[in-house]
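Numbering (this note's numbering), first residue to last: 44 to 488.
Positions of the beta carbon are idealized from the N, C-alpha and C atoms, including for glycine.
Keep in mind that this is a model prediction, so the values were computed, not measured.
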């Protein structure tokens, strides 16, 4: 038998697999999940880091038939690795994929940017039996088996639109970023300039900038309300190696906010470059320029923490925020999570809390929290609100009866969208509002 283990290879900056202590997955191929292990191979979900890629295919071509574009941290690829380190991708298009395998059968499912529905397929390998004729192959006489691939129909409803998403890499850290512009039939589609809505998660262990159309559906709604929506995956959000993951250790607060600010500072140039690249398509593909004097942020959970933090510690950049279910004081959160990223030193918890920052609030802030939240309890928002009141800092607090960590009531979820939009468009937060003609209004602040 063989012993297969996971390894954070700091020298290669790669999350790898080893067999009997020897790394066999390539440098630059970040193993995200192990799906199946056999005597011949390991089936895994990987994210490729192109700048670190140390894999050389036997034929000298990319494993993806010569074209590896898009197979990077934004793509969760299903790959079979044999114990000699040879890679055989099971998925051809960049997307968010997973798989289930049993014997000769393999079911692959996931999403990409081409389809609103989940894509599923079932493949199985037919082998010749003793005394039987070998199945037909491609005609070169070398195959003793054949693989049949059958798509699985998906009759799910579709949203009726495709999000208007462009991808870029921003700033010194080359942050993977999604920029969502108004749709063609939006009154803001031809605006010269629009307010910027930062919409991050930004915390450890979760990416938002992936090749999965569903990730951008709600962002498209926001874009059609008159915003240039920007989501940037900063340090700690996984997919780019163990060093990237560890950048936030004991310093989540400063590092994750710095990356959002870095994305804002690099945004205008990125939009210019994207527009130059599509100039031949005319105005239909043009992205409105970002109005960097009118930047606001919304987010939930860690994204809520970042949103509140942004108006407290970066008010010159972020002018208004809606913070949903924010973990404001890490001493109140799960120890298995906080000890992983903050360690045991009480000083690290104090540094990464935003409670002591409350007296600095000078921008509009809406706190949103469900009373039934058993993940980030409402005590987090209550503690921040109490500190803001003690400091005499005006703010809006929206407690939600019966709502858990996510808005599990569709009516509440819909109304929350409009309440946040209206908050950002009110007189005291109109720095982030756009006019009906598709140009940003003057700041009231």
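Could you say if the region 398-412 and the region 340-354 meet the contact criterion of at least three C-beta pairs nearer than 8 Å?
Contact annotation: the region 398-412 touches the region 340-354, with at least three C-beta pairs closer than 8 Å.
Please classify residue 221 as buried or exposed, where buried requires at least 16 neighbouring CB atoms within 10 angstroms.
It counts as buried.
Let me know the secondary structure DSSP gives residue 295 once reduced to three states.
Correct three-state label for residue 295: helix.
I need the straight-line Cα distance from residue 305 to residue 295, nearest angstrom please.
Here the alpha carbon of residue 305 sits roughly 15 Å from the alpha carbon of residue 295.
Whole-angstrom Cβ separation of residue 291 and residue 262, contact assumed at under 8 Å?
Not really, about 24 Å apart at Cβ, beyond 8 Å.
Evaluate contact between the region 276-287 and the region 228-238, counting only Cβ atoms and requiring at least three cross-stretch pairs below 8 Å.
Taking a cut-off of 8 Å for Cβ pairs, the region 276-287 and the region 228-238 do not touch, as fewer than three such pairs fall below it.
Nearest to residue 328 (by Cα), restricted to the options 334, 335, 318
For the residues 334, 335, 318, the minimum Cα distance to residue 328 belongs to 318.
Are the CB atoms of residue 255 and residue 435 nearer to each other than 8 Å?
For residue 255 and residue 435, no; Cβs fall outside 8 Å.
Neighbourhood of residue 199 by C-beta, 8 Å cutoff - its chain only, sequence neighbours within 5 removed:
Cβ within range, chain order: 160, 161.
Could you say if the region 130-149 and the region 74-82 meet the contact criterion of at least three C-beta pairs nearer than 8 Å?
Judged by Cβ distances under 8 Å, the region 130-149 makes contact with the region 74-82, as three or more pairs qualify.
Measuring CA to CA, which of 54, 298, 244 is closest to residue 71?
Residue 54 is the option with its Cα nearest to residue 71.
Reference residue 204, options 279, 225, 195, 367, closest by Cα:
Checking every option, the nearest Cα to that of residue 204 belongs to 225.
Within its chain, find whatever has a CB closer than 8 Å to the CB of residue 94; leave out the 5 residues flanking it on each side and keep chain order.
Excluding sequence neighbours, residue 94 sits near 71.
Proximal residues to residue 450 (C-beta, below 7 Å), its chain only, five neighbours per side dropped
When the five nearest sequence neighbours on each side are left out, the beta carbons in the same chain lying within less than 7 Å of the beta carbon of residue 450 are those of 456, 459, in order along the chain.
Can you tell me which of 289, 288, 335, 331 puts its alpha carbon nearest to the alpha carbon of residue 309?
Nearest C-alpha to residue 309: 335.
Three-state secondary structure (DSSP) of residue 179
Bear in mind that the predicted position of residue 179 carries a pLDDT of just 46, short of 50, making it unreliable; the figure below should be weighed with that in mind. In the structure shown, residue 179 sits in coil (DSSP, three-state: anything other than H, G, I, E or B).
For a test of the three-state rule: what should DSSP assign to residue 76, helix, strand or coil?
Reduced to three states, the DSSP call for residue 76 is strand.
Exposure of residue 303, with buried meaning 16 or more beta-carbon neighbours within 10 Å:
Per the 10 Å Cβ criterion, buried.
DSSP bridge partner residues for residue 289 (one or two, in chain order)
Answer is none; residue 289 lacks a bridge partner.
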